[in-house]
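Protein chains in written order, with the working numbering: chain A, 402 to 649; chain B, 402 to 649.
In what follows, a single structure is set out as structure tokens and then discussed.
Protein chains: 2
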Amino acid sequence: MTYCVGLYLEEGLVMLADTRTNAGVDNISTYSKTFIWENPGERTITMMSAGNLAVTQAVVALIEEGLVPEEHPDGDIHTMYNVPTMFKAARLVGQAVRQVYIEDAEAMEAQNTTFSASFLLGGQIRGRGMRLFQVYAAGNFINATEDTPFLQIGEHKYGKPILDRALDYGGTSLTEGTKLALLSMDSTIRSNLTVGFPLDLVIYRKDELKVGVKVRIKEDDPYFKDLSSRWSEALRAAYQAFPSPDWA
Amino acid sequence: MTYCVGLYLEEGLVMLADTRTNAGVDNISTYSKTFIWENPGERTITMMSAGNLAVTQAVVALIEEGLVPEEHPDGDIHTMYNVPTMFKAARLVGQAVRQVYIEDAEAMEAQNTTFSASFLLGGQIRGRGMRLFQVYAAGNFINATEDTPFLQIGEHKYGKPILDRALDYGGTSLTEGTKLALLSMDSTIRSNLTVGFPLDLVIYRKDELKVGVKVRIKEDDPYFKDLSSRWSEALRAAYQAFPSPDWA
Chain A
402 MTYCVGLYLE EGLVMLADTR TNAGVDNIST YSKTFIWENP GERTITMMSA GNLAVTQAVV
462 ALIEEGLVPE EHPDGDIHTM YNVPTMFKAA RLVGQAVRQV YIEDAEAMEA QNTTFSASFL
522 LGGQIRGRGM RLFQVYAAGN FINATEDTPF LQIGEHKYGK PILDRALDYG GTSLTEGTKL
582 ALLSMDSTIR SNLTVGFPLD LVIYRKDELK VGVKVRIKED DPYFKDLSSR WSEALRAAYQ
642 AFPSPDWA
Chain B
402 MTYCVGLYLE EGLVMLADTR TNAGVDNIST YSKTFIWENP GERTITMMSA GNLAVTQAVV
462 ALIEEGLVPE EHPDGDIHTM YNVPTMFKAA RLVGQAVRQV YIEDAEAMEA QNTTFSASFL
522 LGGQIRGRGM RLFQVYAAGN FINATEDTPF LQIGEHKYGK PILDRALDYG GTSLTEGTKL
582 ALLSMDSTIR SNLTVGFPLD LVIYRKDELK VGVKVRIKED DPYFKDLSSR WSEALRAAYQ
642 AFPSPDWA
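Printed below as a string of structure tokens:
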């Protein structure tokens, strides 16, 4: 399993992924699920992946090689460094997933392995708006909006309530969003053993056209540990201070 | 879907269930999933159910009729009013599920309907300890302990993080536990449309041998609404007050 979350905020993007992969509980490894394609000042694109590792690695390899767009079979090869828009970047990811599906899905099914893959894709290209997409295994995709300013892939349930309650497109700063993404991840790691450290965090400030922060957070990171314990204390203090119901 | 949560605390039990059932998103009904068998001063047993409604209703009907225990085929019929221990009460539920499985599962499978059922069973019988069980569709069961003082059935993920962080067998009072159960339910209702109001809440204080509080909480309940909005405010205030990371 995996947990990746992307926040789409007025100030920019916060994207956070774990690095654990597992084939059964006794076969656990660390793989980065975070990929950045960047030409500073012109474009920056970050992708995070969840699902079957063989599928997602094949998708990344195809994206790296580049693909001729389905809609322009006589055109040039598209890569993350030359797609003209973030929409086309999402199409490139979608096309790569479909190609892996055509090549591998039947044989995987014969081995009772599910073809699964999903991606978060966020970034900006000069002269265009900042975007955050979620690409499905079918290669189609949705984008985050002001109404729903976050997208999640993988084990999304444990970390969703805090985002539902606290996140706001215009009202949450990049720094506050970073704390919320980390708390959402902390709740997930506590409840699902197949989501684990280290974490890859990418922060992008809108219109800067280069990644502002890319940091790997280890299990013993003092800031993360402090944030987690402060959160537990604050929750406890909060609900204890609430009035009691008449009927209790 | 359904969400039921039971807290096993030093002071007693808190059990909370929603009442929504659905067969598709366009076929939603309200059914109580909470059943109480009580002989005040001698025993009180509360059961909450999740899963296929036809299965759980059949299980309740069999329990009401009573069953001859599998291990004593020549013995008397067991009902919730005469089982000698909570362990035997859980066996009675388990035996009822197995009987429904024998009768219905094959035909259900032929219609591509999954046989699903799970139950929380909490209470106390005079002279015995207070217990809280979770009974599975196979009729076997586990009980809550001081280390893991809560059990959940149905849509359990959204409401788990707060319990993981804040609940403590010895340190959480019945009143505090009630607030936590309600907040856990609130997080679930916000995220899963198939979990909904009204809620059935049962509070049992250990050794009283009768239910202390049984209340139905509607969507416009002023206490619940206040609790929910205070919680959102407190979460926001808490994470905003935390220090920012160096790297953000």
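Idealized CB from N, CA, C, for every residue including glycine.
### Query
Can you give the beta carbon distance from A/ILE543 to A/GLN535, rounded, assuming they're within the 8 Å contact cut?
Counting from 1 along the first sequence, the entry for residue 543 of chain A is found at position 142. Counting from 1 along the first sequence, the entry for residue 535 of chain A is found at position 134. That belief holds up - the Cβ atoms of A/ILE543 and A/GLN535 are roughly 5 Å apart, short of 8 Å.
### Query
Can you list, in chain order, the residues of its chain whose CB lies under 8 Å from that of A/GLY476, leaving out five sequence neighbours each side?
Here residue 476 of chain A refers to the residue found at position 75 of the first sequence. By the criterion of a C-beta distance shorter than 8 Å, A/GLY476 is surrounded in its chain by VAL469, PRO470, once the five residues flanking it on both sides are discounted.
### Message
Beta carbons nearer than 7 Å to chain B: which residues of the segment 589 to 601 of chain A have them?
### Response
Residues passing the 7 Å Cβ filter: ARG591, SER592.
### Message
Given this structure, state the Cα-to-Cα distance separating B/LEU417 from A/TYR537, to the nearest angstrom.
### Response
In the second sequence, the residue the question calls residue 417 of chain B occupies position 16. In the first sequence, the residue the question calls residue 537 of chain A occupies position 136. Our two residues, B/LEU417 and A/TYR537, have alpha carbons roughly 36 Å apart in a direct line.
### Task
Answer yes or no: does any C-beta atom of chain A fall closer than 8 Å to that of B/LEU581?
For this step, residue 581 of chain B is matched to residue 180 along the second sequence. At least one chain A Cβ lies under 8 Å of B/LEU581.
### Task
Compute the Euclidean distance between the alpha carbons of A/SER519 and B/GLU466, then round it to the nearest angstrom.
Against the first sequence, residue 519 of chain A aligns to sequence position 118. Against the second sequence, residue 466 of chain B aligns to sequence position 65. Taking the straight line joining both Cα atoms gives about 50 Å.
### Query
Considering A/ARG385, what are the terminal residues of the beta strand (DSSP E) in which it resides?
Chain A is shown from 402 up to 649; residue 385 of chain A falls before or after that span and cannot be answered.
### Query
Using CA coordinates, which residue listed in B/LEU584, B/ASN593, B/GLY578 is at the minimum distance from B/ALA635?
In the second sequence, the residue the question calls residue 635 of chain B occupies position 234. Here the closest residue by C-alpha is B/LEU584.
### Task
Mind checking which residues open and close the alpha helix (DSSP H) that includes A/SER430?
Counted from its first residue, the first sequence places residue 430 of chain A at position 29. No alpha helix (DSSP H) holds A/SER430; the beta strand (DSSP E) holding it covers 429 to 431.
### Query
Does the segment 591 to 601 of chain B come close enough to the segment 565 to 579 of chain B that 3 or more CB-CB pairs lie under 8 Å?
Contact between the segment 565 to 579 of chain B and the segment 591 to 601 of chain B is absent, because fewer than three Cβ pairs lie under 8 Å.
### Query
Do the segment 627 to 645 of chain B and the segment 603 to 623 of chain A touch if we need at least three Cβ pairs shorter than 8 Å?
They do not touch, by the three-pair rule.
### Message
B/PRO550 and B/LEU408 - do their beta-carbons sit closer together than 8 Å?
### Response
In the second sequence, residue 408 of chain B corresponds to position 7, counting from 1. In the second sequence, residue 550 of chain B corresponds to position 149, counting from 1. Going by C-beta atoms, B/LEU408 is nearer than 8 Å to B/PRO550.
### Query
Could you give the residue range of the beta strand (DSSP E) that holds B/GLY442?
As a first step, residue 442 of chain B must be located in the second sequence, where it is residue number 41. According to the DSSP assignment, B/GLY442 belongs to no beta strand (DSSP E), since it is labelled neither H nor E.
### Task
Can you say whether B/PRO646 is buried or exposed, counting buried as having 16 or more other CB atoms within 10 angstroms of its CB?
Against the second sequence, residue 646 of chain B aligns to sequence position 245. Around the beta carbon of B/PRO646, 16 or more other beta carbons lie within 10 angstroms, which makes this residue buried.
### Task
State the beta-bridge partners of A/GLY613 as determined by DSSP.
In the first sequence, counting from the first residue as 1, residue 613 of chain A sits at position 212. None; A/GLY613 has no bridge partner.
#### Entry: Closest residue to B/ARG617 among B/VAL603, B/ASP565, B/LEU533 (Cα-Cα distance)
Your numbering for residue 617 of chain B matches position 216 in the second sequence. Nearest option by C-alpha distance: B/VAL603.
### Query
With contact counted as at least three CB pairs below 8 Å, one residue from each stretch, are the segment 503 to 512 of chain B and the segment 419 to 426 of chain B in contact?
No: the two stretches stay apart, fewer than three of their Cβ pairs being nearer than 8 Å.
### Query
Does DSSP put B/ARG421 in a helix, a strand or coil?
On the second sequence, position 20 is the one that residue 421 of chain B refers to. Secondary structure of B/ARG421 (DSSP, three-state): strand.
### B/SER450 (DSSP reduced to helix, strand or coil)
Along the second sequence, read from residue 1 onward, the residue named residue 450 of chain B stands at position 49. Three-state DSSP puts B/SER450 in a strand.
### Message
Would you say A/PRO550 lies against chain B (beta-carbon separation less than 8 Å)?
### Response
Translated into the one-based positions of the first sequence, residue 550 of chain A becomes position 149. No, its Cβ sits nowhere closer than 8 Å to a Cβ of chain B.
### Task
With distances taken Cα to Cα, identify the nearest neighbour of B/THR457 among B/ARG529, B/SER433, B/HIS479, B/GLY578.
The count along the second sequence starts at 1 and reaches residue 457 of chain B at position 56. That would be B/SER433, whose Cα lies nearest to the Cα of B/THR457.
### Local Cβ density within 10 Å of A/ASP601, reported as buried at 16 or more and exposed below that
Against the first sequence, residue 601 of chain A aligns to sequence position 200. Buried, since its Cβ has 16 or more Cβ neighbours within 10 Å.
### Query
Between A/LEU414, A/ALA491, A/ASN541, A/ASN483, which lies nearest to A/ASN440 when the distance is taken from Cα to Cα?
As a first step, residue 440 of chain A is located in the first sequence; it is residue number 39 there, counting from the start. If we check each option's Cα against that of A/ASN440, A/ASN483 comes out closest.
### Task
Could you tell me whether the Cβ atoms of A/VAL612 and A/THR447 are closer together than 8 Å?
Within the first sequence, the letter at position 211 stands for residue 612 of chain A. Within the first sequence, the letter at position 46 stands for residue 447 of chain A. Yes, the pair counts as a contact, with Cβ atoms nearer than the cut-off.
#### Entry: According to DSSP, residues forming a beta bridge with B/LEU468
Within the second sequence, numbered from 1, the residue matching residue 468 of chain B stands at position 67. According to DSSP, which records beta bridges pairwise, B/LEU468 is partnered with B/HIS479.
#### Entry: Whether A/MET449 touches A/LEU533 by CB criterion (8 Å)
Start at 1 with the first residue of the first sequence, and residue 449 of chain A comes out as number 48. Start at 1 with the first residue of the first sequence, and residue 533 of chain A comes out as number 132. The Cβ atoms of A/MET449 and A/LEU533 do not sit closer than 8 Å to each other.
### Message
What would DSSP say about A/MET416, mapped onto helix, strand or coil?
### Response
Counting from one through the first sequence, the residue named residue 416 of chain A turns up at place 15. Strand, per DSSP.
### Message
Is B/THR420 close to chain A? Criterion is C-beta to C-beta, closer than 8 Å.
### Response
On the second sequence, position 19 is the one that residue 420 of chain B refers to. No, B/THR420 lies away from the interface with chain A (no Cβ there is under 8 Å from its Cβ).
### Query
Assuming B/GLY524 contacts B/MET487 under a Cβ cut-off of 8 Å, what Cβ separation, rounded to an integer in Å, is found between them?
Position 123 of the second sequence, counted from the first residue, corresponds to residue 524 of chain B. Position 86 of the second sequence, counted from the first residue, corresponds to residue 487 of chain B. B/GLY524 to B/MET487, Cβ: 6 Å. Contact.
### Task
Could you tell me which residues DSSP pairs with A/ARG532 in its beta bridges?
Taking the first residue of the first sequence as 1, we reach residue 532 of chain A at position 131. Partner(s): A/GLY524.
### Query
When you compare only the Cα positions, how much space is there between A/GLU412 and A/ASP565?
Residue numbering aside, residue 412 of chain A sits at position 11 when the first sequence is read from its first letter. Residue numbering aside, residue 565 of chain A sits at position 164 when the first sequence is read from its first letter. C-alpha separation (whole angstroms): 19 Å.
#### Entry: Beta carbon of A/THR403 nearer than 8 Å to that of A/GLU609
Walking along the first sequence from the start, residue 403 of chain A turns up at place 2. Walking along the first sequence from the start, residue 609 of chain A turns up at place 208. Result no, Cβ atoms of A/THR403 and A/GLU609 do not sit closer than 8 Å.
### Message
With a threshold of 8 Å between beta-carbons, can B/GLN525 be considered close to chain A, or not?
### Response
Residue 525 of chain B sits at position 124 when you count from the first residue of the second sequence. B/GLN525 does not count as touching chain A.
#### Entry: Cβ shell of B/ILE478 (< 7 Å), same chain only, five flanking positions each side left out
Taking the second sequence and counting its residues from 1, one reaches residue 478 of chain B at position 77. If we look at B/ILE478 and ignore the five residues flanking it on each side, its Cβ neighbours are GLY467, LEU468, VAL469.
### Query
Taking the C-alpha atoms as reference points, what is the distance between B/TRP632 and B/LEU581?
For this step, residue 632 of chain B is matched to residue 231 along the second sequence. For this step, residue 581 of chain B is matched to residue 180 along the second sequence. Those two C-alpha atoms are separated by around 11 Å.
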